Amino acid sequence: MNKKKLLRLLPAFIGNGITARGFSKNRYYRRIPELDIRASGISIDGFPYVTLNTGLTFFSYFPTSAQKVYYKQYLPDSMKAKLHIDCIGVARDIVMRYLGPASKKEHFPEGKYYDLNIGDTVVEIGAYIGYYAMRAAEIISPKGQVIAIEAIDENFHLMQKNIQANNIKNIIPIHKASHNTTGKLEFFRESNQIASAVQIGINTKQKLIVPCDTLDNILNESNIDKVDFIRIQVNGAELDVLKGMTNTLKSKPKLMVAAIYKIQGRPAWQDIVPVIRDMGYKTRVDKGNIFAYT
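Be aware that the sequence shown starts at 1, since it is given in my numbering, and climbs by one per residue.
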């Protein structure tokens with residue numbers, strides 16, 4: 001297959017923000033060659049990993065076939081010498097979830113927020129495998145703490161692996177779904193990354209039962225009485241999550257809500273913003289991502 005045809009097919013093949021210009025112009029993939037990689041490979045327990053020259057090691061899942069196409073067709077040979085093909089997905093996650101936006105003005109449209117302060121308490125709801133939590137933990141220093149909440153078993157255990165491998169002491173991993181109920185919750189899963197307590201927008205391949213609790217209860221059990229920033233990415237369950245944090249929101253922490261999908265053709269953020277404003281917040285929306293502040 002020639003490169004022109006490949007570029008035309010790739011957007012439908014991989015999704016996840018790839019534009020018609022293909023991999024070589026994608027905002028995440030184009031930064032992979034900039035990574036300062038010390039080592040990469042497969043761990044003894046079977047997970048792809050990348051170690052940077054900063055000393056941090058990141059574990060993730062095996063790449064998609066499309067990511068391997070990018071590796072073979074577009075990654076410079078100099079980077080291939082450092083990066084194992086089975087670790088291309090790890091590298092992409094480092095750029096997207098750990099390094100985050102290339103500039104401050106891209107924080108909101110990419111659903112990220114890094115204007116954190118030393119000593120802050122940060123909550124991430126839908127923490128996946130912990131890369132954003134790791135970055136936040138660095139910024140706030142050991143004087144602050146991150147509460148990283150993840151419902152999916154595999155994701156949670158991989159997040160624990162990332163935390164332990166890097167000896168990070170100021171992340172508290174919580175194996176639950178944040179919701180407005182306590183007990184057990186039915187989850188719909190399309191993939192490890194795409195799962196929700198709400199089936200809308202999820203191409204269901206699996207249903208599972210996960211433990212759940214309100215954020216108010218989770219923080220109370222962790223002896224945390226004040227939060228500075230909350231990031232929410234729960235693929236449709238945002239309103240239920242917000243209902244479970246009424247006490248937490250009394251101190252008006254800043255919020256970032258990733259609501260970049262549509263429900264029956266209507267942007268999801270349009271239903272979430274009025275609820276947040278009724279709680280006394282001002283809001284800014286950029287490409288479906290909601291930033292709330294006072």
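Cβ coordinates follow ideal geometry from the N, Cα and C atoms, glycine included. Remember, it's a predicted structure, so these values are computed and weren't measured experimentally.
For residue i, the first and last residue of its enclosing beta strand (DSSP E)
i	result
Met134	From DSSP, Met134 is part of no beta strand (DSSP E) but of the alpha helix (DSSP H) over 131 to 140.
Met256	254 to 258
Ser78	First-last for Ser78: 77 to 80, but that is the alpha helix (DSSP H), not the beta strand (DSSP E).
Val124	In the sequence as displayed, the identity of residue 124 is Glu instead of Val. Taken as a continuous stretch (DSSP letters only), the beta strand (DSSP E) holding Glu124 covers 121 to 125.
Asp52	The question names Asp, but residue 52 in the sequence shown is Leu. Note, Leu52: beta strand (DSSP E), 48 to 52.
Pro211	206 to 213
Ile42	37 to 42
Pro173	171 to 174
Ile88	No beta strand (DSSP E) holds Ile88; the alpha helix (DSSP H) holding it covers 88 to 93.
Beta-carbon proximity of residue i to residue j, cut-off 9 Å
i	j	result
Ile172	Ile147	yes
Ala127	Met96	no
Ala165	Phe59	yes
His179	Thr214	yes
Leu239	Tyr293	no
Glu150	Ile129	yes
Ile118	Ile139	yes
Pro48	Gly41	yes
Ile125	Arg266	no
Asn217	Thr182	yes
Burial state of residue i (16 or more Cβ within 10 Å)
i	result
Leu115	For the sequence presented, residue 115 should be read as Asp rather than Leu. Exposed.
Ser196	Annotation note: pLDDT 48 at Ser196 (below 50); position unreliable, coordinate value reported separately. It counts as buried.
Arg277	exposed
Asp36	exposed
Leu324	Coverage of the chain is limited to positions 1 through 294, which leaves residue 324 absent and any answer about it impossible.
Thr121	buried
Ile44	exposed
Asp264	At residue 264 the sequence reads Gln, which differs from the Asp that was named. So Gln264 counts as exposed.
Lys104	exposed
Asn26	buried
Gly144	buried
Gly46	exposed
Arg38	exposed
Lys184	exposed
Val275	exposed
Gln270	exposed
Rounded separation between residue i and residue j - CA only
i	j	result
Cys212	His157	17 Å
Tyr261	Lys287	10 Å
Asn53	Ile163	17 Å
Arg284	Ala259	12 Å
Tyr281	Lys82	46 Å
Gln233	Gly55	28 Å
Tyr29	Arg92	6 Å
Gly236	Ala268	8 Å
Glu221	Lys161	23 Å
Ser65	Tyr71	10 Å
Pro109	Asn289	6 Å
Extent of the continuous alpha helix (DSSP H) to which residue i belongs
i	result
Ala165	153 to 165
Tyr293	Counting along the chain, Tyr293 falls outside any alpha helix (DSSP H), though it belongs to the beta strand (DSSP E) covering 289 to 293.
CB contact below 9 Å: residue i versus chain C
i	result
Ile171	As a matter of chain content, chain C is missing from the structure shown, which is built from one protein chain.
* Asked: If you pair each beta-carbon of the stretch 85 to 94 with each one of the stretch 65 to 75, do three or more pairs fall below 8 Å?
  -> These segments touch.
* Asked: Any contact of the stretch 130 to 139 with the stretch 243 to 250, i.e. 3+ C-beta pairs under 8 Å?
  -> Result no; under three Cβ-Cβ pairs closer than 8 Å.
* Asked: Taking three-plus beta-carbon pairs below 8 Å as touching, is the stretch 213 to 230 in contact with the stretch 250 to 260?
  -> Verdict: yes, contact present.
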